[in-house]
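Colleague: Under our numbering, think of the first position of the sequence shown as 21, with each following residue one higher.
Just dropping this structure here.
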Amino acid sequence: MCGIAGSLQIDGGPVDRERLRQMIGAIRYRGPDDTGIYCQGPVGLAHARLSIIDLAGGHQPMSIAHDALVITFNGEIFNYIELRNELIAKGHRFISSSDTEVLLRLYQEEGERCVERLNGQWAFAIWDAPRQRLFLSRDRFGVRPLYYTRLDGEFLFASEIKALLTCLQVPCEIDLMGLDQLFTFWATIPPRTVFRGINQLPPGCSMVVQDGRITITPYWTLDLTGQIEHGGATDNQLAEELFELLQDATRIRLRADVPVGAYLSGGIDSTVVAALAKKSAGERIQTFSVTFESRDIDESRFQHEASSFLGTSHSSIRCRHEDIVSVFSDVIWHTEQPILRTAPAPLYLLSRLAHDSGFKVVLTGEGADELFGGYDIFKETKIRQFWSRRPASRWRPLLLKRLYPYLPNIQRQSLEYLKHFFHVSPQALSGPFFSHLPRWELTAKAKQFFSASTRAELAEADVVSSLLRDLPSSYATWPLFAKAEFLESRYLLPGYILSSQGDRVAMAHAVEGRYPFLDHRVATFAARLPASLKMKALDQKYLLKQAVKGLIPEVIRTRAKQPYRAPDGISFFAGHDEFVGDLLSPQRIKQDGVFDPGATDALVRKFRSGRETSVKDNMALTGILSTTVLLDRFMHGRNALSGLPSQERHTPL
């Protein structure tokens, strides 16, 4: 895992080597083990390396055929051994044992379609000198980030936005439309970001920059059209097939020349991954977890249960209110976008624990909820669909109250309010976003704190309706459950879960996360399962639970889903409100101009008074605060973006 950056001079002029040094220096923490720069003619590629495979021979940028092909690569290709053997059989000769060289020679053999053969997580750029073409690609689920911008006569790309901003010609301005999207969906919709003029390559897409033109081509999407039948296979046969897929997905993700650990949350997903890792490795593994002071969100009991059952060497870190406050600014520096919950902060601390324990690689369970129906939003959708068929029912809505015992406001509301809030009607049921409208509308209530000028600029925007253009052509014919899975895996997963809670806070401490559930073979298998095998009645992740019987503790296999949460607004008012007092003062809010000073001050006073706060209040406070930190660290503190010059190194093969 690494950091990459590069420049292509559209007009054919020479690349500024110093610019590349600054760009890669700004994200050196992603790859502290080595750096390299390649400059030749109109192209320049830079690399900061976190050495995991072929520690001695995997230096980058890497080239073959006398610099005809040059690559800078962030990620891992987990099936590189199998691909390497295929390429050797076709006559390719390898100098290194790295997956980077396999990727480069696979491109040499198959061209742009090489990405279809990859099992991994990646963002890379290959300079194809004979064709004078820059080829870039991002993995199927968007595990690894890739940003780009275009100036007059120059194309720039990098793993992170701050690398692009070291170039002073790149504007450093907030994109209010991107902010509007984030304050609705928790993330921006690719290619947009919250920085004006800076784009992200969407997951599952490749890009070609040639002759001054930028062409983006999707090569993969999660196909949920097959959620009708499963070929007559029995539940037991499907459970066995799933187990074998997960076992192999975990096995190849243990490929590394450094120790591999695992995160252990106490839930079924991470426990399954840790159990499969131990089974494949055949030895004791190291696990890591985060705990909390509040019993409502702490899962340490289940973490200890899992560690004891699996026999892992276990380490944990306790996250207090003051810990969230102390790292919050740095978390936003790394997420490079506002957040609506403080959840990334404990994961930032967890990755620091893994790093300080000597680990560069951890396995984790992300993706299982999206692919196997594990989130409450899927259960909520099913209950709402059930209620919508008889809107006058007095007992069907009680299922929703049972679903959210940890949300007191839901418990107090009347049935008429719940019917309105959850869009319970036959008309709403037929809408394309039925599953997600309650969540999006709740999140969007935080936009009530936008200033008059922000509202005026966004007056014509309708981010939900604009999402219609991004849906697959067959989407309208999909089952409701499939639509919900698509929205979750297409937008929230890459835009927030794998980004703000994943790559960004892990790579802040040079820790690579690997996700067996996001192996595309597992995802393709899951996509073809009928909803009844993912959620039987209201039993979430039914088939997954059947597949792992005996592998993990029964108390964890059968426990109810507990959403990962962290203390939100209260963290900033537990004796540490000077942080908020500075950033959210009426003077500061007025100066920035994004939010309304009076409304924001009223919200701050509500928290300070100790009055009961709602989900909307907590999202609004965290969103406003993180946006202000973003403005402070990037827009107002741009001089801090410049990195130190790096030692140049380029590896020809």
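For each residue, glycine too, the CB sits at the ideal point set by N, CA and C.
Quantities reported herein were computed from a predicted structural model and do not represent experimental measurements.
So what's residue 663 in DSSP terms, helix, strand or just coil?
Modeller: On the sequence shown, position 643 is the one that residue 663 refers to. Any reading at residue 663 is ruled out, since the residue's pLDDT is 43, under 50, leaving its predicted position unreliable.
Colleague: So, helix, strand or coil for residue 59, using DSSP?
Modeller: By one-based count along the sequence shown, residue 59 stands at place 39. Three-state DSSP puts residue 59 in a strand.
Colleague: When the Cα atoms are used, what is the spatial distance from residue 378 to residue 338?
Modeller: Taking the first residue of the sequence shown as 1, we reach residue 378 at position 358. Taking the first residue of the sequence shown as 1, we reach residue 338 at position 318. C-alpha separation (whole angstroms): 19 Å.
Colleague: Roughly how far, in whole angstroms, is the beta-carbon of residue 600 from the beta-carbon of residue 624, given that I think they are within contact range, below 8 Å?
Modeller: Position 580 of the sequence shown, counting from 1, holds the residue named residue 600. Position 604 of the sequence shown, counting from 1, holds the residue named residue 624. The Cβ separation is near 6 Å, so the contact holds.
Colleague: Pick helix, strand or coil for residue 492, following the three-state DSSP scheme.
Modeller: Here residue 492 corresponds to residue number 472 of the sequence shown, with the count starting at 1. Residue 492 carries a coil assignment under DSSP once its states are collapsed to helix, strand and coil.
Colleague: Could you check whether residue 274 and residue 294 sit closer than 8 Å to each other, using their CB atoms as the reference points?
Modeller: Residue 294 sits at position 274 when you count from the first residue of the sequence shown. Residue 274 sits at position 254 when you count from the first residue of the sequence shown. Against a cut-off of 8 Å, the Cβ pair of residue 274 and residue 294 comes out as no contact.
Colleague: Which one or two residues does DSSP pair with residue 555 in a beta bridge?
Modeller: The residue you call residue 555 lines up with position 535 of the sequence shown. 560.
Colleague: Exposed or buried, which one is residue 611 when buried takes at least 16 other CB atoms within 10 Å?
Modeller: Sequence index remark: in the sequence shown, residue 611 carries index 591 (1-based). So residue 611 ends up on the exposed side.
Colleague: Taking the alpha carbon of residue 168 as the reference point, which residue from 540, 216 and 200 has its own alpha carbon closest?
Modeller: Along the sequence shown, one-based indexing puts residue 168 at 148. Among 540, 216 and 200, the Cα nearest to that of residue 168 belongs to 216.
Colleague: Between 485, 463 and 93, which lies nearest to residue 641 when the distance is taken from Cα to Cα?
Modeller: Locating residue 641 in the sequence shown gives position 621, counting from the first residue. When only C-alpha atoms are compared, the closest one is 463.
Colleague: Based on the DSSP output, what are the partners of residue 533 in its beta bridges?
Modeller: Counted from its first residue, the sequence shown places residue 533 at position 513. 382.
Colleague: Take residue 494 and list the residues in its own chain whose beta-carbon comes closer than 8 Å to its own, dropping the five residues that flank it on each side.
Modeller: As a working note, residue 494 is residue 474 in the sequence shown. Here the set comprises 245.
Colleague: What three-state label does DSSP hand residue 228 in the structure shown?
Modeller: Locating residue 228 in the sequence shown gives position 208, counting from the first residue. The answer is strand: DSSP assigns residue 228 an E or B state.
Colleague: In chain order, what residues of the same chain have a beta carbon less than 6 Å from the beta carbon of residue 524, not counting five sequence neighbours either side?
Modeller: If you number the sequence shown from 1, residue 524 lands on position 504. Result list for residue 524: 354 and 355, in chain order.
Colleague: Please identify the residue among 615, 458 and 94 whose C-alpha is closest to the C-alpha of residue 470.
Modeller: Sequence index remark: in the sequence shown, residue 470 carries index 450 (1-based). Among 615, 458 and 94, the Cα nearest to that of residue 470 belongs to 615.
Colleague: Under three-state DSSP, which class holds residue 144?
Modeller: The residue labelled residue 144 in the question sits at position 124 within the sequence shown. Looking at residue 144 - three-state DSSP - the assignment turns out to be strand.
Colleague: By how many angstroms is the C-alpha of residue 151 removed from the C-alpha of residue 89?
Modeller: Position 69 of the sequence shown holds residue 89. Position 131 of the sequence shown holds residue 151. Rounded to whole angstroms, the gap between the alpha carbons of residue 89 and residue 151 is 10 Å.
Colleague: Determine the extent of the beta strand (DSSP E) in which residue 153 is found, giving its start and end residues.
Modeller: If you number the sequence shown from 1, residue 153 lands on position 133. That run of the beta strand (DSSP E) goes 153-158.
Colleague: Residue 405: which of 558, 478, 70 and 334 sits nearest, CA to CA?
Modeller: In the sequence shown, counting from the first residue as 1, residue 405 sits at position 385. Among 558, 478, 70 and 334, the Cα nearest to that of residue 405 belongs to 558.
Colleague: Which one of 341, 204 and 309 has the shortest CA to CA distance from residue 478?
Modeller: By 1-based counting over the sequence shown, the position of residue 478 is 458. Comparing Cα positions, the closest option is 204.
Colleague: Along the chain, where does the alpha helix (DSSP H) containing residue 354 start, and where does it finish?
Modeller: Working through the sequence shown from its first residue, we reach residue 354 at position 334. 341-355 is the span of the alpha helix (DSSP H), which, as asked, contains residue 354.
Colleague: At the level of alpha carbons, what is the spacing between residue 223 and residue 239?
Modeller: Counted from its first residue, the sequence shown places residue 223 at position 203. Counted from its first residue, the sequence shown places residue 239 at position 219. Distance between the alpha carbons of residue 223 and residue 239: 9 Å.
Colleague: Should residue 443 and residue 420 be called a contact, given that it needs their Cβ atoms to be closer than 8 Å?
Modeller: Start at 1 with the first residue of the sequence shown, and residue 443 comes out as number 423. Start at 1 with the first residue of the sequence shown, and residue 420 comes out as number 400. Taking 8 Å as the Cβ cut-off, residue 443 and residue 420 do not qualify as a contacting pair.
Colleague: Got a sec? Which residues, its chain only, sit under 6 Å from residue 23 by beta carbon, not counting five neighbours each side?
Modeller: Here the question's residue 23 lines up with position 3 in the sequence shown. Closer than 6 Å at the Cβ level, and outside the excluded window around residue 23, lie 47, 50, 51, 68 and 179.
Colleague: Under a three-way DSSP split, which group does residue 273 fall into?
Modeller: Position 253 of the sequence shown, counted from the first residue, corresponds to residue 273. Note: residue 273 maps to coil in three-state DSSP.
Colleague: Please tell me whether residue 218 and residue 181 are closer than 8 Å, where the distance is taken between their beta carbons.
Modeller: If you number the sequence shown from 1, residue 218 lands on position 198. If you number the sequence shown from 1, residue 181 lands on position 161. Cβ atoms of residue 218 and residue 181: closer than 8 Å.
Colleague: I need the DSSP call for residue 478, collapsed to helix, strand or coil.
Modeller: If you number the sequence shown from 1, residue 478 lands on position 458. DSSP places residue 478 in coil when its eight states are reduced to three.
Colleague: On the three-state DSSP scale, how would you describe residue 176?
Modeller: The residue you call residue 176 lines up with position 156 of the sequence shown. Residue 176 falls in the strand class under three-state DSSP.
Colleague: Just verifying my parser: in three-state terms, what is the DSSP assignment at residue 120?
Modeller: For the purposes of this step, residue 120 is identified with residue 100 of the sequence shown, where counting begins at 1. Looking at residue 120 - three-state DSSP - the assignment turns out to be helix.
Colleague: Helix or strand or just coil, what does DSSP make of residue 549?
Modeller: Along the sequence shown, one-based indexing puts residue 549 at 529. In this structure, residue 549 counts as coil in the three-state DSSP scheme.
Colleague: For the putative contact between residue 560 and residue 287, defined by C-beta atoms under 8 Å, what is the C-beta separation to the nearest angstrom?
Modeller: Counting from 1 along the sequence shown, the entry for residue 560 is found at position 540. Counting from 1 along the sequence shown, the entry for residue 287 is found at position 267. 11 Å between Cβ atoms; not a contact.
Colleague: With DSSP collapsed to three states, give me the class of residue 216.
Modeller: By one-based count along the sequence shown, residue 216 stands at place 196. Under the three-state reduction of DSSP, residue 216 is assigned to coil, being neither helix nor strand.
Colleague: Could you check the C-alpha separation between residue 157 and residue 138 for me, to the nearest Å?
Modeller: Indexing the sequence shown from 1 puts residue 157 at position 137. Indexing the sequence shown from 1 puts residue 138 at position 118. Computed Cα separation, rounded: 11 Å.
Colleague: Once DSSP output is grouped into helix, strand and coil, what is the label at residue 574?
Modeller: Residue mapping note: residue 574 aligns to position 554 of the sequence shown, counting from 1. Three-state DSSP puts residue 574 in a helix.
Colleague: Helix, strand or coil for residue 297, going by three-state DSSP, please let me know.
Modeller: Indexing the sequence shown from 1 puts residue 297 at position 277. In this structure, residue 297 counts as helix in the three-state DSSP scheme.
Colleague: Going by Cα to Cα distance, which pick from 298, 386, 117 and 340 is closest to residue 318?
Modeller: Reading the sequence shown from its first residue, position 298 is the one you call residue 318. It is 340.
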